[in-house]
Amino acid sequence: MSDVTLSAAVRNSLLSLQSTTDLIDRTNGRLSSGLRVASAIDDPVAFFSAKSLTDRSFDFTERKDGIDQGISTVTAALDGVEAIDSLVRQLK
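In this text, residue positions in the sequence shown follow the numbering used here: the first is 188, and each later residue adds one.
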């Protein structure tokens with residue numbers, strides 16, 4: 188095989204292009220995922236802060252769902268009590 192000799196300017200230009208390509212790939216990954224920090228490698232502090240907040244948000248959502256289910260149960264019980272009350276009034 189023949190060797191290709193690159194001048195310092197060409198070598199620097201190629202390294203700059205590779206760096207630019209890497210930055211473009213990282214930006215495209217962020218745009219496609221919607222995340223500012225996609226992994227702990229990008230920014231460990233921001234990644235784990237975001238993960239903690241995401242987990243906390245999920246916990247709040249689960250609790251809200253439980254509260255909504257409790258409200259539905261109480262509403263159904265009240266409807267039942269009102270129906271029984273209506274029947275008792277009709278029997279009087």
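Where is the CB? At the ideal position from N, CA and C, for every residue including glycine.
Keep in mind that this is a model prediction, so the values were computed, not measured.
Assignment of Leu278 by DSSP, reduced to helix, strand and coil, places it in the helix class. Annotated three-state conformation of Ile254 is helix, per DSSP. For Arg223, no alpha helix (DSSP H) segment is defined, and its DSSP state is neither H nor E.
Rounded to the nearest angstrom, the gap between the Cα atoms of Val261 and Lys251 is 15 Å. Spanning the alpha carbons of Ala195 and Glu249 requires a straight line of approximately 59 Å.
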